[in-house]
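**Student:**
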Amino acid sequence: MDNLDAFHDGAFEGLLVSETTVQLFLSTYEKERFVLVAEGVVALTASGLQLGNIILDVEERTSNEITVRDIYEVFSYGGVPNGEKRSEQALLMAQKEGLSLIAVNPSYGGSCLLLAKATKLLRFGELAEPLVSVRVVESRNRDTHQNE
Amino acid sequence: MEAALHAGSLLAAGLHQPLSENSRRGHRLSTAILYPGIGFVNSNTATGLRACLYDEGRGSRCTAKERDQESGLDYFGARYYGSALGRWASPDDFSDSGITDPFTGRVTFSPGPLPYADISNPQSLNKYAYVLNNPLRYTDPNGHCVWDLCIGEGYATALAVGTLATATAAYLASPSGQLAIHATGQLIQTAATGIQNLITQATGNNSNQQNAPPASADAAPAPTTAPAMPGTPTADQPRSLPLTGQPGTVSTLPKADGSPKQVRRYGPDGTAETDVDHTTHHGSPNPHAHDWSTDANGKPQRGAPRDVKPDDPKPNQ
Chain A
0 MDNLDAFHDG AFEGLLVSET TVQLFLSTYE KERFVLVAEG VVALTASGLQ
50 LGNIILDVEE RTSNEITVRD IYEVFSYGGV PNGEKRSEQA LLMAQKEGLS
100 LIAVNPSYGG SCLLLAKATK LLRFGELAEP LVSVRVVESR NRDTHQNE
Chain B
0 MEAALHAGSL LAAGLHQPLS ENSRRGHRLS TAILYPGIGF VNSNTATGLR
50 ACLYDEGRGS RCTAKERDQE SGLDYFGARY YGSALGRWAS PDDFSDSGIT
100 DPFTGRVTFS PGPLPYADIS NPQSLNKYAY VLNNPLRYTD PNGHCVWDLC
150 IGEGYATALA VGTLATATAA YLASPSGQLA IHATGQLIQT AATGIQNLIT
200 QATGNNSNQQ NAPPASADAA PAPTTAPAMP GTPTADQPRS LPLTGQPGTV
250 STLPKADGSP KQVRRYGPDG TAETDVDHTT HHGSPNPHAH DWSTDANGKP
300 QRGAPRDVKP DDPKPNQ
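Residue numbers (numbering that gives the first Met the number 0), protein chains in the order written: chain A, 0 to 147; chain B, 0 to 316.
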């Protein structure tokens, strides 16, 4: 994935969790809006969301770059019995399955970590239009049934 | 009560009966000896370092196992041993350590071959026998293993005659040696982390904050970081800097290579005052600075990027 540097001083505007697909809504300092779509998500943790979140940076780590600490955090193993051992086992699993880690690190506000099989960065319009179209179609169908 | 580590377990490895007081004294060394243990781990026990504890008050045996007062059996972790009979109270049910599926949380175990079983040695096929029926030579650290075989006969013998370096190298090069190195390293790292935490608690010194004035009652809490993970290069690196800190202090957020990613100074009220970001973006130079302010509702506001000035916070300031 390219252009993640552009999110420095941008905003973490939200996230949508739909089964194993997660969408992170991000914008750049210049207010360009993007959606980072993660598919096959096996772990996610997000915290500290506030009004006016400011992104320090967005990192992507490949399976070979993920550390035990990343796993420890994304699985929220803090305070879990054998959390360190489980982190090491999960790291091996993540490397075996070729998972990658996305980290949204804040200067202020919300942070997010997720572990996923695939990620892609889309401009907001590329994703939003199909969703709007589906809603319109559903609405028309409902109107048609009511008229019948 | 005096407790000391001695070499009895090594020089007289396998003595399952208590050593006499005199013989223990005779074998005691002036230097404590810790030596790496077996490499495998099961669900009940984990052996990384092992020492034979000599406690004059309690008269511990060389195996240093706890004796159940009611049954008279010695608890080895995996099973109980009856020293009067020289037999285990139950057969060896050795299985692997169990694999935890991190995504489902299920743990599965599978029976494993006895680590000491050898078809050419009938003594090794008796699951009730203690250390191949040769306690004068061998001992068992956890109920699943013949100690001497686990760590390598060459290692123990060579250590006893003083050629420690050569034997250690040979042992450490073996697969079980590698596992022992891993376990030992983790123990040392854990100990180091614990010592560091004790020092931090005793001195109140947080290495991430420099020039910290004496803590005041209304000072904001020190930055928190994720728990340190043994063997992880970035173990003590937080992902972001806290918005509050002790007034007048500077915190540095490092990159993976140790260079600064962000430097933050806290103002008189303990909230962020100025950030210096060592990143390139939106046409601003690297590094560049941001000033913090608060709006009418008290919400922090981060200003637009600007050039760095001489009095801006610097890493390790």
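Every residue, glycine too, gets a C-beta built ideally from N, C-alpha and C.
For A:Leu23, which residues does DSSP report across the bridge?
**Tutor:** A:Leu23 is bridged to A:Leu14 and A:Leu35.
**Student:** Compute the beta-carbon to beta-carbon distance between B:Gly81 and B:Leu72, rounded to the nearest angstrom, for a pair I have assumed lies under 8 angstroms.
**Tutor:** Yes, they are in contact, since the Cβ atoms of B:Gly81 and B:Leu72 sit about 5 angstroms apart, within 8 angstroms.
**Student:** In angstroms with no decimal places, state the Cα-to-Cα distance between A:Leu50 and B:Thr243.
**Tutor:** When rounded, the distance between both Cα atoms is 17 angstroms.
**Student:** Is any beta-carbon of chain B found at less than 8 angstroms from that of A:Asn63?
**Tutor:** No, A:Asn63 does not count as interfacial toward chain B.
**Student:** Just checking: is the beta-carbon of A:Ser106 within a distance shorter than 8 angstroms of some beta-carbon in chain B?
**Tutor:** With 8 angstroms as the cut-off, A:Ser106 counts as an interface residue toward chain B.
**Student:** Excluding the 5 residues preceding and the 5 following A:Ser75 in the sequence, name in chain order all residues of the same chain whose CB lies nearer than 6 angstroms to its CB.
**Tutor:** Excluding sequence neighbours, A:Ser75 sits near Thr44.
**Student:** Answer with yes or no whether the minimum CB distance from B:Thr278 to chain A is below 8 angstroms.
**Tutor:** So, interface residue.
**Student:** Please tell me whether A:Leu55 has its Cβ less than 8 angstroms away from any Cβ of chain B.
**Tutor:** Yes - at least one Cβ of chain B is within 8 angstroms of the one on A:Leu55.
**Student:** Which residue's Cα is closest to the Cα of B:Gly269: B:Gln261, B:Asp276 and B:Thr293?
**Tutor:** Nearest C-alpha to B:Gly269: B:Thr293.
**Student:** Please list, in chain order, the chain A residues whose beta carbon lies closer than 9 angstroms to that of B:Asp290.
**Tutor:** What B:Asp290 touches in chain A: nothing, since even the nearest Cβ is about 13 angstroms away.
**Student:** What residues of chain B sit near A:Ala10, judged by a beta carbon separation below 8 angstroms?
**Tutor:** Going along chain B, no residue has its Cβ under 8 angstroms from A:Ala10, so there is no contact; the nearest lies around 11 angstroms.
**Student:** Please report the straight-line C-alpha distance between B:Arg264 and B:Ala303, rounded to a whole angstrom.
**Tutor:** Between B:Arg264 and B:Ala303, the C-alpha separation is close to 17 angstroms.
**Student:** At the 8 angstroms Cβ level, is A:Ser17 part of the contact set with chain B, yes or no?
**Tutor:** No - not a single Cβ of chain B is within 8 angstroms of the one on A:Ser17.
**Student:** Once the 5 residues before and after A:Thr19 are set aside, which same chain residues still bring their CB inside 6 angstroms of it?
**Tutor:** Only Gly39 and Val40 meet the Cβ criterion.
**Student:** Buried or exposed: where does B:Thr273 fall if 16 or more other Cβ atoms within 10 Å of its Cβ makes it buried?
**Tutor:** Its Cβ being crowded by 16 or more others within 10 Å, B:Thr273 is buried.
**Student:** How should B:Pro309 be labelled, buried or exposed, when 16 other C-beta atoms within 10 angstroms of its C-beta is the threshold for buried?
**Tutor:** Its Cβ having fewer than 16 others within 10 Å, B:Pro309 is exposed.
**Student:** Just grab the DSSP bridge partners of A:Ala42 for me.
**Tutor:** A:Leu114.
**Student:** Measuring straight from C-alpha to C-alpha, what distance separates B:Ser258 and B:Asp276?
**Tutor:** Each residue's alpha carbon lies about 12 angstroms from the other.
**Student:** In the structure shown, what three-state DSSP assignment does B:Tyr80 receive?
**Tutor:** It is a strand residue.
**Student:** Considering just the uninterrupted stretch of the beta strand (DSSP E) at B:Tyr265, what are its terminal residues?
**Tutor:** B:Tyr265 -> beta strand (DSSP E) spans Pro259 to Tyr265.
**Student:** Can you have a look at B:Asp117 and say buried or exposed, based on whether 16 or more other CB atoms are within 10 angstroms of its CB?
**Tutor:** Burial call: exposed.
**Student:** Determine the chain A residues that contact B:Pro312 at a beta-carbon separation under 7 angstroms, and present them in chain order.
**Tutor:** What B:Pro312 touches in chain A: nothing, since even the nearest Cβ is about 14 angstroms away.
**Student:** Answer yes or no: do A:Leu48 and A:Gly108 have a C-beta to C-beta separation smaller than 8 angstroms?
**Tutor:** Closer than 8 angstroms, so yes.
**Student:** My output table needs one value for B:Asp268: the three-state DSSP class, helix, strand or coil.
**Tutor:** In the structure shown, B:Asp268 sits in coil (DSSP, three-state: anything other than H, G, I, E or B).
**Student:** Could you have a look at A:Glu96 and say whether DSSP puts it in helix, strand or coil?
**Tutor:** If DSSP states are grouped into helix, strand and coil, A:Glu96 belongs with coil.
**Student:** By a C-beta neighbour count over all protein chains shown, 10 Å radius and 16 as the cutoff for buried, is B:Gln245 buried or exposed?
**Tutor:** When all chains shown are included, B:Gln245 counts as buried.
**Student:** With distances taken from CA atoms, which of A:Asn63, A:Glu83, A:Arg85 and A:Ser110 is nearest A:Leu98?
**Tutor:** With distances taken between Cα atoms, A:Leu98 lies closest to A:Asn63.
**Student:** Could you compute how far the alpha carbon of A:Val16 sits from the alpha carbon of A:Glu29?
**Tutor:** So the two alpha carbons sit approximately 26 angstroms from each other.
**Student:** Using a threshold of 8 angstroms, state whether the C-beta atoms of B:Leu261 and A:Ser26 are closer than that.
**Tutor:** It is Gln, not Leu, that sits at residue 261 of chain B in the sequence shown. No.
**Student:** I'd like the span of the beta strand (DSSP E) that includes B:Ala249, first residue to last.
**Tutor:** The sequence given here has Val at residue 249 of chain B, not Ala. Taken as a continuous stretch (DSSP letters only), the beta strand (DSSP E) holding B:Val249 covers Val249 to Pro253.
**Student:** Could you confirm whether any beta carbon from chain B is found closer than 8 angstroms to the beta carbon of A:Leu14?
**Tutor:** No, no contact with chain B.
**Student:** Assuming B:Tyr79 and B:Ala88 make a contact with CB atoms under 8 angstroms, what is their CB distance in whole Å?
**Tutor:** At roughly 4 angstroms, the Cβ-Cβ gap stays under 8 angstroms, so B:Tyr79 and B:Ala88 are in contact.
**Student:** Check the Cβ of B:Arg238 against every Cβ in chain A and list those closer than 7 angstroms, keeping chain order.
**Tutor:** In chain order: Ala102, Asn104 and Ser110.
**Student:** In terms of residues, what are the limits of the alpha helix (DSSP H) holding A:Ile70?
**Tutor:** It spans Val67 to Val73 - the alpha helix (DSSP H) in which A:Ile70 sits, taken as one unbroken run.
**Student:** So what does DSSP say about A:Val103, is it helix, strand or coil?
**Tutor:** DSSP places A:Val103 in strand when its eight states are reduced to three.
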